[in-house]
Amino acid sequence: MQGAKTEMAVESQQVQADFARDHARRVMARRLRGFGRSILIHASLIPAAFVFTLPFLWMLSTSLKPDVQFYAYPPVVIPSPFQWSNYPDAVKFITFFLYLRNTLTIAVLATIGVLISSSLVAYSLARIPWRGRNFLFILTIATLMLPFQVTMIPLFIVFKNLGWVNSWLPLIVPHWFGGALYIFLLRQFFMTIPMELSEAARIDGANELKIYYSIILPLSKPALATVAIFEFIARWRDYIGPLIYLSDQEQYTLSLGIYEYQTQYGAEWGLLMAASVLITLPIILLFFFLQKTFVQGIALTGIKG
Amino acid sequence: MATATATANLPRRKLSQGTRHTINGLLFASPWIFGLLVFWIYPTLASAFYSFTKYNGVRNPTFTGLANYIELFTKDEEFLAAVYNTVYFAVVSIPLAIIFAFGLAMMLNAKIRGQVVYRTIYFLPTLVPEVALALVWIFIFTPHNGLIAAPFRAFGSRGPCWLTCAEWARPTLVLLALWIIGQQIILYLAGLQDVPQDLYDAADVDGANFLSKFRNVTVPILTPVVFFHLITSVIGALNFFAIPYIMTGGTGFPANSTLFYSIYLYKNAFHYLEMGYASAMAWLLFMFTLVVTLIIFRSARLWVFYAGGED
Chain A
278 MQGAKTEMAV ESQQVQADFA RDHARRVMAR RLRGFGRSIL IHASLIPAAF
328 VFTLPFLWML STSLKPDVQF YAYPPVVIPS PFQWSNYPDA VKFITFFLYL
378 RNTLTIAVLA TIGVLISSSL VAYSLARIPW RGRNFLFILT IATLMLPFQV
428 TMIPLFIVFK NLGWVNSWLP LIVPHWFGGA LYIFLLRQFF MTIPMELSEA
478 ARIDGANELK IYYSIILPLS KPALATVAIF EFIARWRDYI GPLIYLSDQE
528 QYTLSLGIYE YQTQYGAEWG LLMAASVLIT LPIILLFFFL QKTFVQGIAL
578 TGIKG
Chain B
709 MATATATANL PRRKLSQGTR HTINGLLFAS PWIFGLLVFW IYPTLASAFY
759 SFTKYNGVRN PTFTGLANYI ELFTKDEEFL AAVYNTVYFA VVSIPLAIIF
809 AFGLAMMLNA KIRGQVVYRT IYFLPTLVPE VALALVWIFI FTPHNGLIAA
859 PFRAFGSRGP CWLTCAEWAR PTLVLLALWI IGQQIILYLA GLQDVPQDLY
909 DAADVDGANF LSKFRNVTVP ILTPVVFFHL ITSVIGALNF FAIPYIMTGG
959 TGFPANSTLF YSIYLYKNAF HYLEMGYASA MAWLLFMFTL VVTLIIFRSA
1009 RLWVFYAGGE D
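Residue numbers (our numbering), protein chains in the order written: chain A, 278 to 582; chain B, 709 to 1019.
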């Protein structure tokens, strides 16, 4: 009995030791496999990263090159000497500050408008129970499916009859009446705020405007920030809007101005790339500082599909 | 007394609350109701009407029946080229974008170091304004001399003609479009991070290998993201405008191989002032978009997997 017991104990000890050794070996193997796997993954991610950064790096590099190095072979990666004068030249010849002022005016006014209007509409859709709001919501989603070319021509005629063509108004005013995507995005966000907050405020005698302004908006800062950034960048980058509505060079935005400069003066790559860096950099900086808002925003628009 | 009046008032107050909600709801939504009518519904109907007319935007439109539509399909070779180019672009670039975005997101999700850095880098091209992107691509893809030609020159070849010849221009634009998949990568990555770990654990217990986990867990859970990507990228591909327009000056050069539907529509409307004709094109595009998205929506029940039934 005793012997059997000790035998069993020894055996179980043996088993335990085997198990421990086995386990250690397995962990080791897994670690090695994990290490190998992560090397493999990095080996594919790094070339991809190189390819993705290439346009921007080449833009940056060319923006500092003298003319003779544009098409040099082998390609000149780090220009020597740095032709810093491309930047002041670009700013001067492309009338950068004029276009910057125009672009900022349009982008800021459109962003303010879209924030106010979309949040009011989203409040109505998410926080006020009224008949017909579902229908309005479906219509809102439906406009997302409508190609902009369908409304492009009649809108142009309308703005022409109003005398607004060749002004910034067609690029700003429509945004003061809401944007479908932003209404959708804010509605989804507003719906996550507990209804009890609104009900309690209503019992306390607060009207809807007060609830909207002092309860819902302060709780929705991340979503509002997302809308503001998306709209600002959309207006900053917008090309077809200014192309359709602006014909006077004094009114041009940066995108349109740089394109027009290229069509008029051709391949002055140093200046063109310097200007390109100047219009890209602000967005990249915005992205770096507000990365979380960006990523959340993109994920938000993708919810529900 | 006080309670009595309060209860007596209750039904009336409740009723008036419903009305008040309706009034408030309409008031808060009024900017968008106005916007919908003026910027969406009216223009959509007006463009349907214009599509049956000859209209230069100045003189009153004259009704011509189906003439625009008939001309588009029977006489207009540029139109057919534009349709072909656009469909080609959509059919080739969308599956590639799905594969690349999904694949890169999978690798990023493998709990590797520097995930955020990679994600940022992949997202960069989507931030660059289209004008800047188009310009730098023109420069990089200059045949024989551009940066893209350098590896070919190393082997003594001059490389393909890229955007300057008809047979290469279309595939080149597809290639360029693959640069702008940062948003999709982020969406897939977010989707992957939502996959419940216990599903993988359960699969591990059943002895599933990587491939079967991928096929039976990862892919089904991500099908809603693929679905979203598919819908938005079909619409995006059909509206592809700024980049090819800037890169070719809207000419469709070479041999109409970069003449996309939106570019040809824009040219008809604002260069040739054929606004009726362009409206017919716009409505055809609308109908086509509707049919394609409807097909995708209908097909969704066959392949899109929704966790928890119908969320």
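Even for Gly, the Cβ is constructed at its ideal location relative to N, Cα and C.
All values reported here derive from a predicted model rather than from experimental measurement.
Run of the alpha helix (DSSP H) containing residue i, from where it starts to where it stops
i, result
"ASP366 (chain A)", "363-370"
"VAL824 (chain B)", "823-835"
"HIS937 (chain B)", "927-946"
"GLU473 (chain A)", "472-480"
"ALA877 (chain B)", "874-885"
"ARG378 (chain A)", "373-404"
"LYS921 (chain B)", "918-921"
"THR428 (chain A)", "425-438"
"PHE461 (chain A)", "457-468"
"ILE820 (chain B)", "First-last for ILE820 (chain B): undefined, no H or E at that position."
"TYR980 (chain B)", "Careful: TYR980 (chain B) lies outside any alpha helix (DSSP H) and carries neither H nor E."
"ALA910 (chain B)", "905-913"
Three-state secondary structure (DSSP) of residue i
i, result
"LYS498 (chain A)", "helix"
"ALA1008 (chain B)", "helix"
"THR420 (chain A)", "helix"
"THR330 (chain A)", "helix"
"THR761 (chain B)", "strand"
"PHE781 (chain B)", "helix"
"PHE771 (chain B)", "strand"
"ALA714 (chain B)", "Reliability fails at ALA714 (chain B), whose pLDDT of 44 lies under 50, so the model's placement of it is uncertain and the value that follows must be treated cautiously. Correct three-state label for ALA714 (chain B): helix."
"GLY867 (chain B)", "coil"
"LYS581 (chain A)", "Per-residue confidence for LYS581 (chain A) stands at a pLDDT of 40, beneath the threshold of 50, marking its modelled position as unreliable; the derived number appears in the next sentence. Three-state DSSP puts LYS581 (chain A) in coil, outside helix and strand."
"PRO356 (chain A)", "coil"
"ARG728 (chain B)", "helix"
"PHE742 (chain B)", "helix"
"PHE949 (chain B)", "coil"
"ALA842 (chain B)", "helix"
"LEU812 (chain B)", "helix"
Proximity test, Cβ basis, 8 Å: residue i and chain B
i, result
"PRO332 (chain A)", "yes"
"PHE374 (chain A)", "no"
"THR420 (chain A)", "yes"
"VAL398 (chain A)", "yes"
"SER321 (chain A)", "yes"
"VAL572 (chain A)", "yes"
"GLY582 (chain A)", "Residue placement at GLY582 (chain A) is flagged as unreliable, the pLDDT there being 36, under the threshold of 50; the coordinate-derived value follows with that caveat. Chain B, which has a Cβ nearer than 8 Å to the Cβ of GLY582 (chain A), makes this yes."
"TYR516 (chain A)", "yes"
"PRO451 (chain A)", "yes"
"PRO356 (chain A)", "no"
"GLN539 (chain A)", "yes"
"GLY313 (chain A)", "no"
"PRO431 (chain A)", "yes"
"GLN360 (chain A)", "no"
Test item: CB-CB of residue i and residue j under 8 Å
i, j, result
"SER987 (chain B)", "TYR830 (chain B)", "no"
"LYS975 (chain B)", "GLY957 (chain B)", "no"
"TYR516 (chain A)", "ALA950 (chain B)", "yes"
"ILE1004 (chain B)", "ILE929 (chain B)", "no"
"PHE797 (chain B)", "PHE961 (chain B)", "no"
"TRP513 (chain A)", "THR428 (chain A)", "no"
"TRP407 (chain A)", "GLY733 (chain B)", "yes"
"TYR459 (chain A)", "GLU508 (chain A)", "yes"
"SER491 (chain A)", "TRP740 (chain B)", "no"
"THR570 (chain A)", "THR503 (chain A)", "yes"
"VAL927 (chain B)", "ALA911 (chain B)", "no"
Residue-chain proximity (residue i, chain A), Cβ-Cβ < 8 Å
i, result
"ARG861 (chain B)", "yes"
"SER982 (chain B)", "One detail in the question is off: residue 982 (chain B) reads as Glu in this sequence, not Ser. GLU982 (chain B) does not count as touching chain A."
"SER987 (chain B)", "yes"
"GLU838 (chain B)", "yes"
"GLY1017 (chain B)", "The predicted model places GLY1017 (chain B) with a pLDDT of 46, which falls under 50 and marks its position as unreliable; any figure quoted below should be read in that light. Judged by the 8 Å Cβ criterion, GLY1017 (chain B) is not in contact with chain A."
"SER865 (chain B)", "no"
"TYR826 (chain B)", "yes"
"GLY944 (chain B)", "no"
"SER970 (chain B)", "yes"
"GLN891 (chain B)", "yes"
"THR997 (chain B)", "yes"
"MET955 (chain B)", "no"
"PHE1005 (chain B)", "no"
"SER755 (chain B)", "yes"
"ASN732 (chain B)", "yes"
"ILE848 (chain B)", "yes"
Residue i Cβ short of 7 Å to the ligand ZN heavy atom set
i, result
"PRO837 (chain B)", "For the structure depicted, the ligand ZN is absent and the ligand set is empty, with no information on it obtainable."
As an exercise, report each continuous alpha helix (DSSP H) stretch of at least 4 residues that is fully enclosed by the stretch 488-559 of chain A, in chain order. Along the stretch 488-559 of chain A, the alpha helix (DSSP H) occurs as fully enclosed runs of 4 or more residues at 498-514, 517-522, 531-542, listed in sequence order.
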